[in-house]
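The sequence shown begins at 128 in my numbering and counts up by one.
Have a look at the structure below before the remarks.
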Amino acid sequence: MRPERAAAVDALRRPLQLAQRNAKIPSLAVALRLACDRLLALARAAAPDAALLASVAALAAWRQALADFESWADPQRRQAVDEGLAHLARLAVELAREDRGAAEDKGAAAAAEREPVGARGVYAPVPAGAGRALPQGRLVSASMEPKPGPRSSASAAPLLAAPSAATPARLPAATPTRLPAATPTATPARTPAATPASLGRKRTAAAKAPPVAAGTGTTPAPAAKEPSPPGAGATAAPSSAKAKAKVAAKPPPNEDPLAAPTSALRGIGPAFAARLAGRNLSTVEDLLWLVPRRYDDLRTVPSLAEVLARPRGPKDEPAAVVGALVAVVRSVRMVFARGRRWAEARLAAPEDPKAPPALLVRWFGGHPGIEQRLPAGSKVVLSGSVRVLGAARAEMANPEIVEILAEGGAPAPRIASHYPMVRGVPPTRLRAACALACERVGSLVDDGVPASAERGCELPALGESLAVLHAPPVSLEAELFAALVRGDSPWHRRLAFGELFALAAAVALRRAHRRGDRAPACPDPDAATQVAAVVPFPLTAAQRRAIAEIGRDLAAEIPMNRLLEGDVGAGKTLVALAAAVQAARAGNQVALMAPTSVLAEQHAASWRGVAAALGLRVALLTAATPRPEAATLTAALARGELDVVVGTHALLSEGVAFARLALCIIDEQHRFGVAQRVALRDKGPSGTTPHLLVMTATPIPRTLALTAYGDLELSILDELPPGREPAKTRVLRGARGEADALRVIASRVAAGERAFVVCPKIGPAEDAGLGYDEDDDEPWRDAQTVAAELGAALPRVGLVHGRLDPAARDAVMRDFRDGRLSVLVATTVIEVGVDVPEATVMAIFDADRFGLSQLHQLRGRVGRGGGKSHCLLLVRGATTEEGARRLEVMTETSDGFRIAEEDLRLRGPGEVLGARQAGVPRLRFGDLSQHTALLLQARRAAEAVLEQDPRLARPEHAGLARALRRRLEDSDLFGAESG
């Protein structure tokens, strides 16, 4: 299929797939209609054909029905989506068939003769009608198989210039033997199709078949029937023409050798390719990106005697040595015992021909022919872990046979690459496959980083980096080899830079795209002064800086997209209030959405006093709001009689409408899904996009903020208000530690203060499935049991957890806030919750099982009243190394940003942000905990490129455009990233 048609098909397929998951996403109908119109325009321009015209007419009728999409109920929408996918599948098949017919009419023979040699033998045409619709609605047409790597994506269509159809095909570094072109027959649809021939394979019998006789439309019979060679896999001709010779396949003109299946490489058959596919290695390019996980320096290989002579561990313990050695085979045998079998070899030091065997090697599993491969007396190089048991005894399990030396020969110096394990594939075969992929197409791979950016950041070229990583040169210096082993070599950094560069470019494109939207301007330079005049405490310098940054954004007509982050208690709510005041005094409305009713009530109560002093009207809307009151409130909101509404998910209800919504504020944004943030923003006036301010009390490391939230501007509160003392944090162990914690809680409660007690699970019967490790000495403490124990010793103990009805949970939280409860036993539902200034003790059972940022958030619940507070981390039994490190960090610092950086290092970006958070970068080579400087370099380089070529239309940026299409292919371009 032509690139522009394939892009149009994808442009409609993507919103249809999105609608299958959630048909209620705002703006979805607009996206469907626009994509459908684009595809119909291209399809109507095609050559007239009855089947094609019928498919166009069916899709056009479906498009007409979309006019009422917004008013349909959910079942109607889903039915329409299913019908749209069916129409799309049929139309795409007809378009692919029409494209093939047009290409054949132009003369396939002449085109094949002009085709570059390197593309031959890799691809074959697919018979007409081979298109199919997958369950998710993704259409795969005949022209799309095999799937090309740098495929255009509809998601990038508004952002990137479309690729030229005249883009020349890329060629592999080494080209196979040229194959003669086949002249098309009179009935091209019946021409037998051959499966991809191997890159670099010898000429096949199909290639030797005589050409079609001119003007006859038939193929001459071969002189003798010749069997198909392995791997040729020619599709059988119809029964009436079984004796016909196979016709050589003509590769499609724009197919990409990088996207060839792995079976196109010499030595990879169907079984080998299937095992690779099980490891998500389906194409030749996939093998290029399979970087070795470790390296062995085999430039100097010690003998077995030298390995045995090395110093052993303390108290003469067995020493494990990872590396290679040379030894002489004394005997090899297959062993069958206890239902298992393995190959067992005994080897001796090569220096003494009469030396007794000192090394026992076992290869577990089936190893047929091992006795013939390693005959007695042969000298062999083995690589793996050597367990030295004594001066004359060592063992190895499943070592790799690196080399079998000729008599009197010495090991060839080399640096051996070791790849991640692929089940059923020997390391030597995997290494050979990756080496062949580098040889064939390594010079063609392109991750979109321009050469100018490589030079500016003093990085090697991508092709060189992949070549060195797969096969390091023997001449590599010791310092560079050490960096290679650590994974921070210049070549590793180049791969990481490519990922970060594409990520930064995608973010920059998205931000530029959103600058085309319009928002209500809210100029009011005095908002900060007015708020500061009515609050009873001074603003910090960080608060003033954040208020000024937000104020400048609100005064502009470009929609603000800003993330306000700060440590627990840094005063984010006051900064948000100043933003609300500025928007409301400009005659607009503001919506603040919080994750819980209690938190929404808290915000409304704290804002009402300041708002009343400034003449603003604030209302509260939650699921608990009585229906008559909610009806009155929503009516006033729609008439523009309210300036600020604070609420929960109730704000997203269809009955809630605004007269002139200009600012959306999302508190604890990680508790909301992407669609919920988009839904609130879509309640703005038609033709405008409200400003967006999202807040989080979980400090986000800078690298993570620049990637996951790269399209948001950042305002950081990096200081606490004066008078706020950090909680004193201690680790208490065992039963004695629990007794000490109980004494501290009892004394603080007796003094009129309050205490939180947090447990990792709800009830005693939840060990299974909640992370309990059977190797632990004792099961984790549960909230129900702890509440019963504390209730017997202390007055007014409450219990709250995630299984309680939301109304009941909020009622318990209010009782604790208002002083009707003195001790609140809870799970992590209080991580984000009510502000209780009287709470001074936080006791956390099994604290080593919690994440660092989670522990810090829990600790932030206490000490808000300005007095001394305590955080008690209770631990029972032994802790893991990582758990001990988390406890150590908690006792060392109360700096949330330092804790966030350490949490990122320990757990990775996905866990730090949480599973529900969109935009978590999935990086194979970049490490956000280590590559801060590299990320900043990549961001500057990407911005420089896009400043010169905003649509990436220049030929030198075609690789970057393709890389961005791949990166954006699975993203949501309907406003999902940040709302």
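Glycine is no exception: its CB is placed at the ideal position from the N, C-alpha and C atoms.
Mind checking who C998 pairs with in its DSSP beta bridge? Residue 998 sits at position 871 when you count from the first residue of the sequence shown. BP columns for C998 point to T856 and M969.
With a CB to CB cut of under 8 Å and the five nearest residues on each side skipped, what residues in its chain are close to L167? Residue numbering aside, residue 167 sits at position 40 when the sequence shown is read from its first letter. Counting only Cβ-Cβ distances below 8 Å, and skipping sequence neighbours, we find V183, L186, A187 and R190.
Taking D770 as part of the alpha helix (DSSP H), name the residues at either end of that continuous run. In the sequence shown, counting from the first residue as 1, residue 770 sits at position 643. Element bounds for D770: n/a, residue is neither H nor E.
When you compare only the Cα positions, how much space is there between V885 and D794? As a working note, residue 885 is residue 758 in the sequence shown. As a working note, residue 794 is residue 667 in the sequence shown. Taking the straight line joining both Cα atoms gives about 23 Å.
For P419 versus S512, is the C-beta spacing smaller than 9 Å? Taking the sequence shown and counting its residues from 1, the one referred to as residue 419 is at position 292. Taking the sequence shown and counting its residues from 1, the one referred to as residue 512 is at position 385. Against a cut-off of 9 Å, the Cβ pair of S512 and P419 comes out as no contact.
E530 - containing beta strand (DSSP E), residue span: By 1-based counting over the sequence shown, the position of residue 530 is 403. That run of the beta strand (DSSP E) goes E527 to L532.
Between A1068 and C649, which are expected to be in contact by the criterion C-beta below 8 Å, what is the C-beta distance as a whole number of angstroms? Taking the sequence shown and counting its residues from 1, one reaches residue 1068 at position 941. Taking the sequence shown and counting its residues from 1, one reaches residue 649 at position 522. With a Cβ gap of about 35 Å, A1068 and C649 do not count as contacting.
Neighbour-count burial assignment, F463, 16 or more Cβ in a 10 Å radius: Taking the sequence shown and counting its residues from 1, the one referred to as residue 463 is at position 336. Exposed, because fewer than 16 other Cβ atoms sit within 10 Å of the Cβ of F463.
Since F491 sits in a beta bridge, which residues does DSSP pair it with? Locating residue 491 in the sequence shown gives position 364, counting from the first residue. DSSP output for F491 lists W469 as bridge partner(s).
Give a yes or no on whether the C-beta atoms belonging to P817 and A646 are separated by under 9 Å. Stepping through the sequence shown from its first residue, residue 817 is reached at position 690. Stepping through the sequence shown from its first residue, residue 646 is reached at position 519. Yes, they are a contact pair.
Report yes if the C-beta distance between A953 and L979 is below 9 Å; otherwise report no. The sequence position of residue 953 within the sequence shown is 826, counting from 1. The sequence position of residue 979 within the sequence shown is 852, counting from 1. Contact: no.
If we ignore side chains and look at the alpha-carbon of each, how far apart do G990 and H997 end up? Here the question's residue 990 lines up with position 863 in the sequence shown. Here the question's residue 997 lines up with position 870 in the sequence shown. Taking the straight line joining both Cα atoms gives about 8 Å.
Alpha carbon to alpha carbon, how far is R641 from R944? For the purposes of this step, residue 641 is identified with residue 514 of the sequence shown, where counting begins at 1. For the purposes of this step, residue 944 is identified with residue 817 of the sequence shown, where counting begins at 1. Answer to the nearest angstrom: the Cα atoms are 42 Å apart.
Got a sec, what are the start and stop residues for the beta strand (DSSP E) G693 sits in? One-based indexing of the sequence shown puts residue 693 at position 566. Its beta strand (DSSP E) spans residues N688 to G693.
Within the same chain, show all residues whose beta-carbon is closer than 7 Å to that of G782, passing over the 5 residues directly before and after it, in chain order. In the sequence shown, residue 782 corresponds to position 655, counting from 1. Within the same chain, G782 has close Cβ partners T761.
Cβ neighbours of S430 in the same chain (closer than 8 Å, five flanking residues each side left out): Taking the sequence shown and counting its residues from 1, the one referred to as residue 430 is at position 303. Counting only Cβ-Cβ distances below 8 Å, and skipping sequence neighbours, we find L452, V453, A454, A476, P477 and E478.
Classify D574 as buried or exposed, calling it buried when 16 or more other Cβ atoms lie within 10 Å of its own Cβ. For this step, residue 574 is matched to residue 447 along the sequence shown. D574 should be labelled buried.
Could you tell me whether the segment 624 to 632 touches the segment 676 to 687, where touching means 3 or more Cβ pairs closer than 8 Å? no
For E840, report the span of its beta strand (DSSP E) as first-last. Taking the first residue of the sequence shown as position 1, residue 840 is located at position 713. Element bounds for E840: E840 to L844.
S544 in three-state terms, based on DSSP: Counting from one through the sequence shown, the residue named residue 544 turns up at place 417. DSSP places S544 in strand when its eight states are reduced to three.
Per DSSP, the bridge partner or partners of G517: In the sequence shown, the residue the question calls residue 517 occupies position 390. According to DSSP, which records beta bridges pairwise, G517 is partnered with R520.
Roughly how many angstroms separate the alpha carbons of Q147 and Q203, rounded to a whole number? Numbered from its first residue, the sequence shown carries residue 147 at position 20. Numbered from its first residue, the sequence shown carries residue 203 at position 76. For Q147 and Q203, the distance between alpha carbons rounds to 12 Å.
Are the segment 843 to 851 and the segment 715 to 723 touching, with three or more C-beta to C-beta distances below 8 Å? no
Given this structure, state the Cα-to-Cα distance separating P323 from H983, to the nearest angstrom. Start at 1 with the first residue of the sequence shown, and residue 323 comes out as number 196. Start at 1 with the first residue of the sequence shown, and residue 983 comes out as number 856. Reliability of the predicted coordinates at P323 is poor, the pLDDT of 37 falling under 50, and the value obtained from them is presented with this limitation in mind. If you take the alpha carbons of P323 and H983, they lie about 57 Å apart.
Do you know offhand how far V821's Cα is from V913's? Taking the first residue of the sequence shown as 1, we reach residue 821 at position 694. Taking the first residue of the sequence shown as 1, we reach residue 913 at position 786. Their Cα atoms are separated by approximately 36 Å.
Apart from the five residues on each side of it in sequence, which residues of its chain come closer than 7 Å, Cβ to Cβ, to R620? Within the sequence shown, the letter at position 493 stands for residue 620. So the qualifying residues of the chain are L586 and L1061.
A1113: which of W907, D201, V529 and L414 sits nearest, CA to CA? The structure shown does not extend to residue 1113, since the chain is modelled only from 128 through 1106, so no value can be given for it.
Where does L143 fall in DSSP's three states? One-based indexing of the sequence shown puts residue 143 at position 16. If DSSP states are grouped into helix, strand and coil, L143 belongs with the helices.
Once you ignore the five residues that flank M1017 on each side, which residues in its own chain have a CB closer than 6 Å to its CB? Taking the sequence shown and counting its residues from 1, one reaches residue 1017 at position 890. Contacts found: T856 and L982.
Is there at least one non-hydrogen atom of the ligand FMN closer than 8 Å to the beta-carbon of A789? In the structure on display, the ligand FMN does not appear, and there are no ligands present to speak of.
Based on Cα-Cα distance, which residue from G993, E225 and L1033 lies nearest to R1012? Within the sequence shown, residue 1012 is the residue found at index 885, counting from 1. The shortest C-alpha separation from R1012 is found at L1033.
Name the DSSP bridge partner or partners of D423? For the purposes of this step, residue 423 is taken as the residue at position 296 of the sequence shown. The partner list for D423 (beta bridge, DSSP) reads A543.
Contact under 9 Å by Cβ, G946 with G696: In the sequence shown, the residue the question calls residue 946 occupies position 819. In the sequence shown, the residue the question calls residue 696 occupies position 569. In this structure, G696 does not lie closer than 9 Å to G946 by Cβ.
Are V708 and Q657 close, meaning C-beta to C-beta below 9 Å? Locating residue 708 in the sequence shown gives position 581, where the first residue counts as 1. Locating residue 657 in the sequence shown gives position 530, where the first residue counts as 1. Yes.
Applying the 10 Å Cβ sphere with the 16-neighbour rule, what's the burial state of K506? Looking up residue 506 in the sequence shown gives position 379. Looking at its Cβ environment, which holds 16 or more other Cβ atoms inside 10 Å, K506 is buried.
Could you give the first and the last residue of the continuous beta strand (DSSP E) run that contains A746? Mapped onto the sequence shown, residue 746 falls at position 619. Its beta strand (DSSP E) spans residues V745 to L748.
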